[in-house]
Amino acid sequence: MEPRDLSDHSVYRAGRGIEEVARDLGLDPEALVKLSSNENVLGPSPKAAAAIREHADSVHLYPKSSHTDLIERLADDWNVASEQVWLANGGDGVLDCFSRALIRPGERVLVPRPGFAYYAMSARYHHGEVTNYRLSKADDFEQTADAVLDAYDGERIVAVTSPHNPTGSVMPLDEVERLADGTDEDTLILVDEAYGEFADLPSAVDLVRERDDVAVLRTFSKAYGLAGMRLGYGLVPEDWADAYARIHTPFDTGELTCRAGLAALDDDAHIEETVAMVETAREYLYENLDARTWESQGNFVLAEVGDGEAVTDAAQREGIIVRDCSSFGLPECVRITCGTPEQMERAVDVLNGVIDT
Ligand SMILES: Cc1ncc(COP(=O)(O)O)c(C=O)c1O
1 MEPRDLSDHS
11 VYRAGRGIEE
21 VARDLGLDPE
31 ALVKLSSNEN
41 VLGPSPKAAA
51 AIREHADSVH
61 LYPKSSHTDL
71 IERLADDWNV
81 ASEQVWLANG
91 GDGVLDCFSR
101 ALIRPGERVL
111 VPRPGFAYYA
121 MSARYHHGEV
131 TNYRLSKADD
141 FEQTADAVLD
151 AYDGERIVAV
161 TSPHNPTGSV
171 MPLDEVERLA
181 DGTDEDTLIL
191 VDEAYGEFAD
201 LPSAVDLVRE
211 RDDVAVLRTF
221 SKAYGLAGMR
231 LGYGLVPEDW
241 ADAYARIHTP
251 FDTGELTCRA
261 GLAALDDDAH
271 IEETVAMVET
281 AREYLYENLD
291 ARTWESQGNF
301 VLAEVGDGEA
311 VTDAAQREGI
321 IVRDCSSFGL
331 PECVRITCGT
341 PEQMERAVDV
351 LNGVIDT
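Start counting the sequence shown at 1; every next residue gets the next number (the UniProt record's numbering).
Here's what the structure looks like:
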């Protein structure tokens with residue numbers, strides 16, 4: 001007995017945790033600053049953490065009302081019907097829902113290169129195939145409908161990441177609309193807004209309300225600081241929203257996860273503080289890093305440092321963990337998560353000392 005042929009499948013290499021790195025380097029975990037996974041360095045919404053504690057005693061029950069309440073709350077916030085909100089196990093889980101609902105065996109998805117690895121992985125898990133469109137460094141990773149349409153060849157799903165990981169660029173809404181107009185009726189434009197709270201850009205949910213071929217992905221992992229809870233959602237066109245009930249069980253988002261999400265949505269102060277910190281950090285990095293940077297609308301900044309792997313290793317030895325972008329096809333770059341002013345000062349100090357080593 002053997003699994004099916006998985007030779008096409010790549011392994012998801014998550015950023016290493018603080019404890020792991022500290023152990024390897026013989027450092028005190030307290031001395032390390034992790035700026036490699038675009039988490040919220042301020043921690044979770046305090047209201048969400050309180051809700052998790054408060055509901056710990058009810059986890060013997062299936063997550064019924066909390067699931068419904070969260071869906072209704074999100075539907076209300078986004079002004080869509082509750083059927084149009086697809087809750088899932090993080091943004092990754094949302095991608096799996098789209099793959100499950102849309103991809104027939106052998107159909108292709110078109111994904112950005114450089115780009116977020118899980119688009120391709122999810123498609124392959126679901127018997128799909130993968131093609132790429134390029135975002136070019138020479139154009140500062142600008143995202144236009146034409147750049148995508150040049151590569152488009154009838155794929156079933158086209159992924160647009162706005163703000164884009166790892167570059168921070170965005171695709172304006174009129175370009176998303178042009179892209180949807182320029183693709184077949186049977187193609188979904190999936191707008192991944194995992195970093196949407198940090199962007200000065202309207203959500204593509206405006207298009208979801210008007211059309212049947214645009215969907216949006218959002219997550220609680222970034223601005224809300226709930227990466228460990230695994231909570232994301234899709235906003236999908238009304239016409240095919242009922243597919244959700246056929247591709248998932250109502251219990252795949254846990255009780256504490258739903259409770260945390262509901263509480264986080266009521267924590268405006270935490271979001272405001274987070275977004276303000278990110279804006280300050282981005283400016284600090286542009287101005288102070290001895291490296292070319294790109295203007296970012298996410299909670300991270302891409303920097304061209306020469307040898308990304310060498311700089312990442314050297315910075316790590318001094319307690320600063322950033323993301324080497326070799327796996328994105330940008331071996332000359334690192335991606336730095338935005339942190340507190342103190343963390344940014346220390347990160348810049350360390351990075352400037354090791355750039356071009
Ligand atoms: C562009 C993008 N989309 C989606 C995700 C998925 O995040 P999660 O599964 O934690 O919600 C990430 C995570 O880093 C991301 O960078």
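We put the CB at the ideal spot given by N, CA and C, even for glycine. Please read these numbers as outputs of a predicted model, since none were measured by experiment.
Give every residue of the same chain whose Cβ lies closer than 7 Å to the Cβ of residue i, excluding the five residues on either side of it in the sequence, and list them in chain order.
i           : result
E177        : L207
V85         : I71, L74, A75, Y233 and L235
V21         : L32, Q316 and I321
residue 411 : The structure shown does not extend to residue 411, since the chain is modelled only from 1 to 357, so the question has no answer here.
D239        : D212
D8          : R124
D324        : G308, E309, T312 and V334
N89         : R230, D252 and T253
Note down, in chain order, each residue of its chain lying with its Cβ closer than 6 Å to the Cβ of residue i, except the 5 sequence neighbours on either side.
i    : result
T144 : E175
L330 : P114
S122 : L95, D96 and S99
Q343 : V33
R346 : none
R16  : none
T274 : N40, L42 and A223
A243 : A101
T337 : L35, N38 and F300
Taking C-beta to C-beta, are residue i and residue j nearer than 8 Å?
i           : j    : result
L217        : V94  : yes
V334        : G308 : yes
residue 391 : T253 : Residue numbering for the chain in the displayed model covers 1 to 357; residue 391 lies beyond these limits and cannot be assessed.
I157        : F251 : no
V305        : I247 : no
T280        : P341 : yes
residue 362 : A223 : Residue 362 is absent from the structure shown; the chain starts at 1 and stops at 357.
E155        : T187 : yes
R3          : E19  : The sequence given here places Pro at residue 3; Arg does not occur at that position. No, the Cβ-Cβ distance between P3 and E19 is not below 8 Å.
A260        : A101 : no
V348        : L302 : no
Considering only the alpha carbon of each residue, which of the options lies closest to residue i?
i    : options                   : result
Y133 : Y119, K222 and A303       : Y119
T219 : P237, L188, R108 and C258 : C258
V111 : V160, F141 and D140       : V160
Y195 : E345, G91 and L149        : G91
N38  : R282, D290 and D184       : R282
L6   : E129, R346 and P166       : E129
E197 : R13, E107, F141 and F300  : F300
E142 : S326, G168, M277 and H127 : G168
A81  : L256, H126, A241 and A51  : A241
D200 : A14, P163, H67 and Y286   : P163
Contact criterion: CB-CB distance below 8 Å. Does residue i meet it with respect to chain B?
i   : result
E83 : Checking the listed chains, one finds no chain B in this structure; it contains a single protein chain.
For residue i, which residues from the same chain have a beta carbon less than 8 Å from its beta carbon, with the 5 sequence-adjacent residues on both sides left out?
i    : result
G339 : V33, L35, V41, M277, A281 and A347
Quiz item: Near ligand 3, which residues have their beta-carbon less than 5 Å from any of its heavy atoms, given in chain order?
Solution: Questions concerning ligand 3 fall outside what the structure shown contains, since the ligands it does hold are ligand 1.
Quiz item: Which runs of the alpha helix (DSSP H) fall wholly inside the region 289-356 and span at least 4 residues, in chain order?
Solution: 308-317 and 341-354
Exercise. May I have a chain-ordered list of the alpha helix (DSSP H) segments no shorter than 4 residues that lie completely inside the region 152-191?
Key: 173-182
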